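Peer 1: For the sequence shown, my numbering assigns the number 5 to the initial residue and increments by one for each residue that follows.
Supplied in structure tokens, the structure appears directly below.
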Amino acid sequence: MSKNLLQWLDYLESIHPSAIDMGLDRVAQVAQILSIHFDARVITVGGTNGKGTTSALIENALLLSGKTVGVYSSPHLLDYRERVRVNGQLPDEVAFCTAFAKVEAARGAISLTYFEFGTLAAMLMLMEADLDVVVLEVGLGGRLDATNIITPDCAVITSIGLDHQDWLGDTREKIALEKVGIIRRQGKVVIGEPEPPETLIDAVAKLDADAWWREQQFSVTRQQNGCIWQAGEQQIELPDTAIPLNNVATALAVLQHSGFNLSPGILFEAVAKTQLPGRRQLIAQQPPTYLDVGHNPQATQSLAEWLDSKSFDRLHIVVAMLNDKAPAESLAPFKRFNPQWYLAATHGPRGLAAQKLALAVASDNKLVFEEVTKAYQAARDTGQQNDLILVVGSFHTVADILALPHNTQNS
């Protein structure tokens, strides 16, 4: 009897002893058996933050130009199918089940993690879709991530920050060496990180890569009603957007460096239309309520700078984080707003208790909850019309709020 998608996902979680098992040997073996390769142009997007919105902006601009485009990204928020987009659409469950069955038949006795299995299935689906361009978002790190079995036509490093230190290293210099693993010798790469560690600069030089660097080959400048992107002599005016400007700048540089040469009108429209769930997502009014999956110091610093552009009387922050993150450092950028905190527990193997989270917040203005939905409802009940509510801390946190009935979100 064939499995449905939920049964497959349960199975994928059961077949490998650990959720993360860094290395390319196993996944490369199965990819070879499946003859996975791409005739399409491939863009591999790595970095600590900004991968999702950078990938989405590249995707939307290329779709507007008439290209056929597929994207593989992770993690998902509510529906596993979010991990694959073909020409802007999510494949149906049958397509995933068919791809999973092919991977299962090919792997034999080779053990694969949940992520590796899903990555191979996604690659099969994108390969069979016969696309012009494929965008692969790195899951963790770069050098040993399953997506790195494919050689990209252009590699992208959006940013370098502290996250996943247990796996990637405890300094930006060490983490950069993992991220740089997606770059090929003399290959094209776009670096969106405005303050690259020396290890990244040295590694790119040793690879003799054809590199575009933020603030050297391209830049972006905020204006009152948008921004201006510049590369060499070219300047393009762009609209206001919730996407962090670093990601806007990086995505447009990738398109230019890859030789797509899209018109300013297409780029303007792509920036105006691109919005990913859980990224500075407005879900309710009175007071305005935003969701963001930010979960590390670099992401929250960017969020705090974005909040500086907002007008509100009082800031209410709903937070739930995972136990392998750095809550004190991640929440520090918000201190200057003197917010009202609503601190909630996350559950499961990586869950962080609300009381532990509370220890990371040096404020008397904090309330503790066992569930993030209850913390969110308390913030909605307390917030006044001219206040602002931000829900932040992890993909799990945002997913819990997005799963609420629509009328609860907007009540």
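For each residue, glycine too, the CB sits at the ideal point set by N, CA and C.
Treat the numbers as computed from the prediction; the structure is a model and nothing was measured.
Residue range of the beta strand (DSSP E) that T293 falls in?
Peer 2: Taking the sequence shown and counting its residues from 1, one reaches residue 293 at position 289. Its beta strand (DSSP E) spans residues 293-296.
Peer 1: If you draw a straight line from the alpha carbon of M26 to that of L347, how long is it in whole angstroms?
Peer 2: Sequence index remark: in the sequence shown, residue 26 carries index 22 (1-based). Sequence index remark: in the sequence shown, residue 347 carries index 343 (1-based). If I take the Cα positions, the gap works out to 33 Å.
Peer 1: Quick one: what's got a C-beta closer than 8 Å to T151's C-beta in the same chain, skipping five residues either side?
Peer 2: Taking the sequence shown and counting its residues from 1, one reaches residue 151 at position 147. Around T151: T48, Y76, T123, L140, E141, V142, G143, I186.
Peer 1: Using the three-state DSSP reduction, which class does I164 fall into: helix, strand or coil?
Peer 2: For the purposes of this step, residue 164 is taken as residue 160 along the sequence shown, with counting starting at 1. Here DSSP, grouped into helix, strand and coil, assigns I164 to coil.
Peer 1: Once you ignore the five residues that flank T412 on each side, which residues in its own chain have a CB closer than 7 Å to its CB?
Peer 2: By 1-based counting over the sequence shown, the position of residue 412 is 408. Caution applies to T412, whose pLDDT of 47 falls short of 50 and renders its modelled position unreliable; the value that the coordinates give is listed next. Around T412: no qualifying Cβ.
Peer 1: Taking only runs that begin and end inside the region 51-123, name each unbroken alpha helix (DSSP H) of 4 or more residues, in chain order.
Peer 2: 55-68, 97-111
Peer 1: Please report how far the alpha carbon of D184 lies from the alpha carbon of C158, in whole angstroms.
Peer 2: As a first step, residue 184 is located in the sequence shown; it is residue number 180 there, counting from the start. As a first step, residue 158 is located in the sequence shown; it is residue number 154 there, counting from the start. Going by the sequence as given, residue 184 is Val instead of Asp. Their backbone Cα atoms lie some 12 Å apart in a straight line.
Peer 1: Contact between the region 370-379 and the region 322-341: three or more CB pairs below 8 Å?
Peer 2: Output reads yes: the region 322-341 touches the region 370-379.
Peer 1: Taking a contact to mean a Cβ-Cβ separation below 8 Å, would you say I240 touches L68 in this structure?
Peer 2: What you label residue 240 is simply residue 236 of the sequence shown in a count that begins at 1. What you label residue 68 is simply residue 64 of the sequence shown in a count that begins at 1. Result no, Cβ atoms of I240 and L68 do not sit closer than 8 Å.
Peer 1: So what does DSSP say about A288, is it helix, strand or coil?
Peer 2: Counting from 1 along the sequence shown, the entry for residue 288 is found at position 284. Residue state, collapsed to three classes: strand.
Peer 1: Which runs of the beta strand (DSSP E), 3 residues or longer, sit entirely within the region 127-166?
Peer 2: Runs found: 137-141, 158-161.
Peer 1: Could you tell me if S415 is buried or exposed, where buried requires 16 or more neighbouring beta carbons within 10 angstroms of its beta carbon?
Peer 2: Within the sequence shown, the letter at position 411 stands for residue 415. Interpretation of S415 is limited by its pLDDT of 44, a score under 50 that renders its predicted location unreliable; the figure taken from the coordinates is listed afterwards. Exposed, by the Cβ-count rule.
Peer 1: So, are the CB atoms of S495 and N53 less than 8 Å apart?
Peer 2: Outside the displayed span of the chain (5 to 415) sits residue 495, for which this structure offers no information.
Peer 1: Our contact map puts I161 next to I195 with C-beta atoms below 8 Å; I'd like the distance itself, whole angstroms only.
Peer 2: Numbered from 1 along the sequence shown, position 157 holds the residue referred to as residue 161. Numbered from 1 along the sequence shown, position 191 holds the residue referred to as residue 195. Contact flag correct, Cβ pair sits at about 5 Å.
Peer 1: Within 8 Å, do at least three Cβ pairs link the region 387-396 to the region 283-299?
Peer 2: yes
Peer 1: When the Cβ atoms of the region 55-71 are set against those of the region 300-315, are three or more pairs found closer than 8 Å?
Peer 2: Between the region 55-71 and the region 300-315 there are fewer than three C-beta pairs closer than 8 Å, too few to call the two in contact.
Peer 1: Using CA atoms only, rank isn't needed, just tell me which of L319, M131, Y84 is closest to I72.
Peer 2: The residue you call residue 72 lines up with position 68 of the sequence shown. The question names Ile, but residue 72 is Thr in the sequence shown. The closest CA to that of T72, considering only L319, M131, Y84, is found on M131.
Peer 1: Would you call the region 233-251 and the region 277-285 touching, i.e. three or more CB-CB distances under 8 Å?
Peer 2: They touch, by the three-pair rule.
Peer 1: When you compare the CB positions of A105 and L266, do they come within less than 8 Å of one another, or not?
Peer 2: As a working note, residue 105 is residue 101 in the sequence shown. As a working note, residue 266 is residue 262 in the sequence shown. Their beta carbons are not under 8 Å apart, which means A105 does not touch L266 by this criterion.
Peer 1: Cβ of H299 within 8 Å of Cβ of K192?
Peer 2: Taking the sequence shown and counting its residues from 1, the one referred to as residue 299 is at position 295. Taking the sequence shown and counting its residues from 1, the one referred to as residue 192 is at position 188. Result no, Cβ atoms of H299 and K192 do not sit closer than 8 Å.
Peer 1: Kindly indicate which residue of Q227, R226, N251 has the alpha-carbon position closest to the one of W217.
Peer 2: Stepping through the sequence shown from its first residue, residue 217 is reached at position 213. Among Q227, R226, N251, the Cα nearest to that of W217 belongs to N251.
Peer 1: Please name the residue or residues paired with D214 in a DSSP beta bridge.
Peer 2: Locating residue 214 in the sequence shown gives position 210, where the first residue counts as 1. BP columns for D214 point to K192.
Peer 1: Between which two residues does the alpha helix (DSSP H) carrying L9 extend?
Peer 2: Locating residue 9 in the sequence shown gives position 5, counting from the first residue. Here the alpha helix (DSSP H) through L9 covers 9-16.
Peer 1: Could you tell me the boundaries of the beta strand (DSSP E) in which I232 lies?
Peer 2: Taking the first residue of the sequence shown as 1, we reach residue 232 at position 228. Unbroken beta strand (DSSP E) run through I232: 230-235.
Peer 1: Where R340 and K210 are concerned, what is the direct C-alpha to C-alpha distance, given to the nearest angstrom?
Peer 2: On the sequence shown, residue 340 is found 336 positions in, with the first residue counted as 1. On the sequence shown, residue 210 is found 206 positions in, with the first residue counted as 1. Looking at the two C-alpha atoms, the distance is approximately 42 Å.
Peer 1: Is the CB-CB distance between H20 and T117 below 8 Å?
Peer 2: Position 16 of the sequence shown, counted from the first residue, corresponds to residue 20. Position 113 of the sequence shown, counted from the first residue, corresponds to residue 117. H20 places its beta carbon less than 8 Å from that of T117.
Peer 1: Using DSSP bridges, identify the partner residues of A348.
Peer 2: The count along the sequence shown starts at 1 and reaches residue 348 at position 344. Per DSSP, F373.
Peer 1: Rounded C-beta distance between T203 and L181? I'm assuming under 8 Å.
Peer 2: For the purposes of this step, residue 203 is taken as residue 199 along the sequence shown, with counting starting at 1. For the purposes of this step, residue 181 is taken as residue 177 along the sequence shown, with counting starting at 1. Confirmed, Cβ separation roughly 5 Å.
Peer 1: Let me know the secondary structure DSSP gives I205 once reduced to three states.
Peer 2: Along the sequence shown, one-based indexing puts residue 205 at 201. Note: I205 maps to helix in three-state DSSP.
Peer 1: So for L311, helix, strand or coil by DSSP?
Peer 2: For the purposes of this step, residue 311 is taken as the residue at position 307 of the sequence shown. Helix at L311.
Peer 1: Spatial neighbours of I37 within its chain, please: CB distance less than 6 Å, with the 5 preceding and 5 following residues excluded, ordered by chain position.
Peer 2: Taking the sequence shown and counting its residues from 1, one reaches residue 37 at position 33. Correct list, in chain order: A110.
Peer 1: Please list, in chain order, all residues of the same chain as R354 whose beta carbon is under 7 Å from its beta carbon, the five residues on each side excluded.
Peer 2: Along the sequence shown, read from residue 1 onward, the residue named residue 354 stands at position 350. Cβ within range, chain order: L326, N327, D328.
Peer 1: With DSSP run on the structure shown, which of helix, strand or coil describes S223?
Peer 2: Sequence index remark: in the sequence shown, residue 223 carries index 219 (1-based). Secondary structure of S223 (DSSP, three-state): strand.
Peer 1: Among D317, K7, S78, Q228, which residue has its Cα nearest to the Cα of S398?
Peer 2: As a position in the sequence shown, residue 398 is number 394, starting the count at 1. Comparing C-alpha distances from S398 to each of D317, K7, S78, Q228 shows the shortest one belongs to S78.
Peer 1: Looking only at DSSP bridge pairs, what is R318 linked to?
Peer 2: Locating residue 318 in the sequence shown gives position 314, where the first residue counts as 1. Looking at the DSSP assignment, R318 forms no beta bridge with any residue, so it has no partner.
Peer 1: Using the DSSP secondary-structure output, state which residues sit across from L242 in a beta bridge.
Peer 2: Here residue 242 corresponds to residue number 238 of the sequence shown, with the count starting at 1. Answer by DSSP bridge pairing, in chain order: C231.
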